[in-house]
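Trainee:
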């Protein structure tokens, strides 16, 4: 019989907490079971496998990120929307390093756009696209290119920062502000 209070959602919640401590790739069923106060076999009543749990964790983390990004950009556009989106993205990565890493997990081959993880990724993309459209980027190909450039810049910065890669004596805040200003200038001329 399943432990009282333990549900698939509760297992995912425990796993979300765990990955911020141990890292996304280090997540194990043993770690989740220990934190949930159960034995590993008990988890199988709620999740079919570690891979299924990782997908559920990636989905939940991506939904969290999408929600935070959406809330940050409400009612603003262009440079202010970009600034808020970038700062919210970075804040999420710093507050939740394991969850952030899980958001980078691409949907598995064979996952359709109707699958929960693919839908969560599409939610993030919708917020990013809306922000980029504020720069009059309407062409689909240009929107994809701009999205890739923005994502590469933000992920690169966040991955380096989370990995301790910014040990130089210049303010990281200053560097990030300059990155955002550079992205704004780049996007302002993207459709030219």
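In my numbering, the protein residues as written are 1 to 192.
Where is the CB? At the ideal position from N, CA and C, for every residue including glycine.
Does the CB of residue 47 have a neighbour CB from chain C at under 8 Å?
Mentor: Among the chains in the structure shown there is no chain C, since it carries only a single protein chain.
Trainee: If you compare alpha carbons, which of 21, 153 and 38 is closest to residue 11?
Mentor: As a working mapping, residue 11 is identified with position 11 in the chain shown. Here the closest residue by C-alpha is 38.
Trainee: Put residue 185 into one of helix, strand or coil per three-state DSSP.
Mentor: For the purposes of this step, residue 185 is taken as the residue at position 185 of the chain shown. Here residue 185 sits in helix by DSSP.
Trainee: Going along the chain, which unbroken runs of the alpha helix (DSSP H) with 4 or more residues stay wholly within the segment 75–158?
Mentor: Runs of the alpha helix (DSSP H) inside the segment 75–158: 78–95, 97–103 and 116–133.
Trainee: Go to residue 72, then tell me how far its alpha helix (DSSP H) extends in each direction, as first and last residue.
Mentor: What you label residue 72 is simply residue 72 of the chain shown in a count that begins at 1. Residues 50–72.
Trainee: Please go through the same chain and pick out, in chain order, the residues whose beta-carbon is closer than 8 Å to the beta-carbon of residue 17, but skip the five residues on each side of it.
Mentor: Indexing the chain shown from 1 puts residue 17 at position 17. Excluding residues within five positions, the ones whose Cβ falls inside 8 Å are 35.
Trainee: Quick one: what's got a C-beta closer than 8 Å to residue 21's C-beta in the same chain, skipping five residues either side?
Mentor: Counted from its first residue, the chain shown places residue 21 at position 21. Cβ within range, chain order: 98.
Trainee: Going by beta carbon distance, what residues of the same chain come within less than 7 Å of residue 92, once the five residues before and after it are set aside?
Mentor: For this step, residue 92 is matched to residue 92 along the chain shown. The residues are 65, 68 and 100.
Trainee: Beta-carbon separation of residue 25 and residue 63 under 8 Å?
Mentor: Within the chain shown, the letter at position 25 stands for residue 25. Within the chain shown, the letter at position 63 stands for residue 63. In this structure, residue 63 does not lie closer than 8 Å to residue 25 by Cβ.
Trainee: Would the segment 73–86 count as touching the segment 133–144 if we require 3 or more Cβ pairs under 8 Å?
Mentor: Yes, since at least three Cβ pairs between the segment 73–86 and the segment 133–144 fall closer than 8 Å, the two stretches touch.
Trainee: Rounded to whole angstroms, what's the CA-CA distance from residue 152 to residue 80? Just pull it up for me.
Mentor: Along the chain shown, read from residue 1 onward, the residue named residue 152 stands at position 152. Along the chain shown, read from residue 1 onward, the residue named residue 80 stands at position 80. Each residue's alpha carbon lies about 20 Å from the other.
Trainee: How close, in whole Å, do the beta carbons of residue 105 and residue 58 come, if the pair is a contact with beta carbons under 8 Å?
Mentor: Locating residue 105 in the chain shown gives position 105, where the first residue counts as 1. Locating residue 58 in the chain shown gives position 58, where the first residue counts as 1. Yes, residue 105 and residue 58 are in contact; Cβ-Cβ is about 4 Å, under 8 Å.
Trainee: Could you name the residues of the same chain whose beta carbon sits closer than 8 Å to that of residue 174, not counting the 5 residues immediately before and after it, in chain order?
Mentor: By one-based count along the chain shown, residue 174 stands at place 174. Result list for residue 174: empty, nothing under 8 Å.
Trainee: Once you ignore the five residues that flank residue 1 on each side, which residues in its own chain have a CB closer than 8 Å to its CB?
Mentor: For the purposes of this step, residue 1 is taken as the residue at position 1 of the chain shown. Residue confidence for residue 1 is low, a pLDDT of 40 falling below 50, so the modelled location carries little weight; the figure read from the coordinates is stated next. Nothing listed; no residue qualifies.
Trainee: Just the Cα atoms here: how many angstroms apart are residue 13 and residue 7?
Mentor: Residue 13 sits at position 13 when you count from the first residue of the chain shown. Residue 7 sits at position 7 when you count from the first residue of the chain shown. So the two alpha carbons sit approximately 10 Å from each other.
Trainee: Do the CB positions of residue 85 and residue 127 come within less than 8 Å of each other?
Mentor: Numbered from its first residue, the chain shown carries residue 85 at position 85. Numbered from its first residue, the chain shown carries residue 127 at position 127. Going by C-beta atoms, residue 85 is nearer than 8 Å to residue 127.
Trainee: So for residue 179, helix, strand or coil by DSSP?
Mentor: The residue labelled residue 179 in the question sits at position 179 within the chain shown. Correct three-state label for residue 179: helix.
Trainee: Would you mind stating whether residue 27 and residue 184 have Cβ atoms separated by less than 8 Å?
Mentor: The residue you call residue 27 lines up with position 27 of the chain shown. The residue you call residue 184 lines up with position 184 of the chain shown. No, the Cβ-Cβ distance between residue 27 and residue 184 is not below 8 Å.
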